[in-house]
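Notes to accompany the following structure.
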Amino acid sequence: MSPLDRKLWRDLWRIKGQAGAIALVVAVGVALLVMMSGMLTSLTETRDTYYERYRLADIFAPVTRAPLNMLERLAVIPGVASVEGRIQGGALLDIKGQALPVRAQALSLPPHREPHLNGLYLSDGQKLTPGRTEEVILLSSFAKAHDLQLGDYLSATMHGARRSFRIVGFATAPEFLFTTAPGEFVPDDARFAVLWMNEDALAAAYDVKGAFNEALISLERGARPEPVLAAIDAALDRYGGLGAYERGDHMSDRFISEEINGLQATSLAVPPIFMGVAAFLLYIVITRLVQAEREQIGLIKAFGYTDWEVSLHYFKMVLVIAVAGAVMGCLLGIWAGRAMAGIYQSVYHFPFLVFRVDPQSFVSGVGVSILSASAGGMLVLRRVFALTPAVAMRPPAPMDFSRTGALNERLKGWLDQPSRMVLRRVFRNPGRILGAVLGIAVGMGLSSAQLSVMLGFDDTLDLTFGVIDRSDVAVSFFEPMPAKAAFDLAHLPGVIEVEPTRAVGAVLRNGLNSYRGSVTGLVEDARLNRAVNKNMGNIDMPENGIVLARALADILKIAPGDTLQVEVLEGKRPVLEVKVASIAETLLGSPAFMRMDTLNREMGEWGRVSGAYLRVDSGQLPVLYEAVKETPSVAGVSRREDSRAAMQKLMDTGAGAMRFVMAAIAGIITFGIVYNSARIAFGEQSRDLASLRVIGFTRGEASFVLLGELAIVVLLAIPLGIGIGYYLSFLIAAGFSTDLYQIPTVFRPQAFGTAAIAVVLASLISGWLVKRDIDKVNLVATLKTRE
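Note that UniProt numbering has the sequence shown beginning at 1, numbered continuously upward.
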């Protein structure tokens, strides 16, 4: 080992605290990169493999009722590879020990063979026995939520008739990675079930023998879906086609795709922030080290070492810190990725999800850490090149302190000597102070921005389930019913107020921009389910216009006053041209609203409703649920509080869990920057502090000179950190938002106050650690001239 290499390891040991803090910041950035890229790879590969292995359809084509021979006509459409028809229908389950009826979707399975499309992963039990009408296979996530076992019986209301079924198997399916009831948005394993039954049994239950009400289509490789969708709609129109749609418009696939897109965006945007902070810290540390060792650098060069050899010595220090952080980050990323994989598997119900990191991610993580560290180090190495032995071995030229002389005189009557020393150092070294202030402010800005996003998640829930939806219970019907059906609900036990609603599936178009969703019809002066403006006031539904959620308006690139085309996918399927009247502040989903009577009039279906919102007496809920179970037209019942709890659970897992990780990481960065600032200041002033002790300063007074400077840096950094956090919160909130839910940017004292308290705590801990070293300073050894 060469003398310079031995010096390298001695120097690293001497600054082990600072080096460790920088390595930790590098490790955090690399861990995020490895974890996010690994999750991105794992989710994408698992999704694609699962879809392919169990043959998830490319196109779904719901229809009221079509004869089986229509499948042959669909199969010859250019671009279609295979077609399968099935029967699907809604049901209500009566679960023992639970008053609230559970909404379910029943799907048919062909006898004597596996389905060609949309296969099942049978996790337990056996396949259906042909001809056995009482057997069902149950969605495993629902069974787990209710602790149901093989052989248990289920009581279900189907098409107005009560039936009993025996569970023979548990399964998952690629179309139910994310389980939501048809027409609903919030997932809840305990409130939505899927039953797979023999085709003959389901056909008899829904009176569709010799027919199907949903076609599943796979496309040939390279086929464009648009002409196929148009041909399918044309073929099924006379049979009550409800509009064919691509896999990407299926709610389950939309959620997992949005999750993957969000991970991809975050993996590209966030790690560079940490790498930049690490480069900044390395620049400061190596700059101070070169300044402190200028005499040693001069001696080394005088002994015959070249500029390149001396520069490489300090560059090796940068590389050791960066590589150590990168290796630590790779290991930490693998551990964190495996933990996140378990969370994702529970949320999205993959039968398998193995966390796998592409080797390129490790190469990228190590490479990015070395490049960022090198960027910080190279800026300093120019000074090493510029130092000649003669100049380096001379003390640096004294700084010009004449500008602070007048300030010192003014402060004599106000401050004691240690306090004046602190202020003089601040004013005499503005560049160094500014660098420390900026570093701490960036760390605090990241923390406050993450805390603001957390509050934004809470605001999404508060607005959706406290301001917009003010009902207690929502009831949906199997099919549009006369208005009397909604008002009949008012006679059920415990019902205080009823507000009917109408929802229809539709494709909304503005030029080349389109969105498949629904239009919700609201009553005039709606009270229980409303569209609200930015002031949280009720939006009056226009007689001949439409109100769009802000997220939907952004997707369609449309503004109030513009004309929107609405292709209704139900009934007579009219195509409407309506003016956009207003923009609603809706944070969950991307809904569109019209007056209910206007919507019914445009569809030629006067006085029809698809559900109702109820305000009820909470003490009468069990009796109300029992009455609803006996109402044949009711397809589902949901409590607002249950929906809120389910959405809260969703936001605390998956991408939502990432906000907690990010907040913790931002705190690590803040501590690393504060601690490094304190350690660097101690390294610079150790000789000065020893001199103060020799001339009579106490340990407390000597510590005050150093820690007072840190306190001023922190106080200056806090307001700047608030400003940085303000702007970062916009970027981070936009990164978490999708067209399925939006995270508002909120500015509350608790977010910035918590971040400021975290900075103060980090400075107190750092100050305590540094003060321990100040108290241990060996006065004789420190005051000796280093040769």
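Cβ coordinates follow ideal geometry from the N, Cα and C atoms, glycine included.
Spatial distance of residue i from residue j (CA atoms)
| i | j | result |
| --- | --- | --- |
| L177 | F315 | 50 angstroms |
| E641 | R527 | 17 angstroms |
| S610 | Y515 | 22 angstroms |
| R424 | G767 | 20 angstroms |
| A436 | D416 | 25 angstroms |
| L707 | I724 | 25 angstroms |
| S364 | E602 | 57 angstroms |
| L621 | S638 | 12 angstroms |
| E787 | L299 | Low confidence applies here, because E787 scores a pLDDT of 46, under 50, leaving its location unreliable and the question unanswered by this model. |
| F374 | G325 | One detail in the question is off: residue 374 reads as Ser in this sequence, not Phe. So the two alpha carbons sit approximately 14 angstroms from each other. |
| K534 | I468 | 12 angstroms |
| Y741 | I370 | 38 angstroms |
| I718 | I732 | 20 angstroms |
| V523 | L512 | 31 angstroms |
| D472 | V623 | 15 angstroms |
| K771 | V442 | 25 angstroms |
| E626 | A211 | 33 angstroms |
| T129 | V168 | 9 angstroms |
| S252 | R191 | 16 angstroms |
CB-CB length for residue i against residue j, believed under 8 angstroms
| i | j | result |
| --- | --- | --- |
| M158 | A203 | That pair is no contact at about 12 angstroms. |
| E567 | R608 | Actually they are not in contact, since the Cβ atoms of E567 and R608 sit about 19 angstroms apart, beyond 8 angstroms. |
| V580 | G619 | Their Cβ separation, rounded to whole angstroms, is 43 angstroms, which puts V580 and G619 out of contact at 8 angstroms. |
| V547 | A592 | 7 angstroms |
| M651 | M340 | In fact, because the Cβ distance is near 15 angstroms, the residues do not count as touching under 8 angstroms. |
| L728 | A449 | 4 angstroms |
| A173 | Y54 | 7 angstroms |
| L74 | Q88 | That pair is no contact at about 17 angstroms. |
| A66 | Y344 | With 8 angstroms as the limit, A66 and Y344 do not qualify as a contact, their Cβ atoms being about 38 angstroms apart. |
Helix, strand or coil at residue i [DSSP, three-state]
| i | result |
| --- | --- |
| S737 | coil |
| G513 | Residue identity differs from the one stated: residue 513 is Asn in this sequence, not Gly. Strand. |
| N676 | helix |
| E497 | strand |
| L154 | strand |
| R786 | Annotation note: pLDDT 49 at R786 (below 50); position unreliable, no value reported. |
| M197 | strand |
| A635 | strand |
| G20 | helix |
| R772 | helix |
| M70 | helix |
| G611 | strand |
| R47 | helix |
| R166 | strand |
| P130 | coil |
| D617 | coil |
| I539 | coil |
| V28 | helix |
| N529 | strand |
| L100 | coil |
| V357 | coil |
In DSSP terms, what residue i is bridged to
| i | result |
| --- | --- |
| T520 | A503, F593 |
| V63 | G241 |
| K579 | G545, T563 |
| Q88 | L107 |
| L122 | A171 |
| S218 | S82 |
| D94 | S155 |
| L588 | Y741 |
| S476 | G611, G636 |
| E246 | I59 |
| D469 | N529 |
Closer than 6 angstroms: residue i CB and nearest the ligand GDP heavy atom
| i | result |
| --- | --- |
| A171 | Within the structure as shown, the ligand GDP is missing, as the structure has no ligands at all. |
For the region 456-472 and the region 750-766, state whether three or more C-beta atom pairs, one from each stretch, are separated by less than 8 angstroms. no
Give a yes or no on contact between the region 551-564 and the region 489-498, applying the rule of three or more CB pairs nearer than 8 angstroms. no
Using a Cβ distance threshold of 8 angstroms, determine whether the region 334-347 contacts the region 34-51, with at least three qualifying pairs required. yes
Is the region 20-27 close to the region 323-333, with three or more CB pairs under 8 angstroms? yes
Meets three-Cβ-pair contact criterion under 8 angstroms: the region 662-681 and the region 13-24: yes
Does the region 77-92 come close enough to the region 221-231 to have 3 or more Cβ pairs within less than 8 angstroms? yes
When the Cβ atoms of the region 559-574 are set against those of the region 497-507, are three or more pairs found closer than 8 angstroms? yes
Indicate whether the contact test is met: 3 or more Cβ pairs, each with one atom in the region 233-250 and one in the region 54-61, closer than 8 angstroms. yes
Cβ contact check for the region 128-138 and the region 190-208: 3 or more pairs under 8 angstroms: yes
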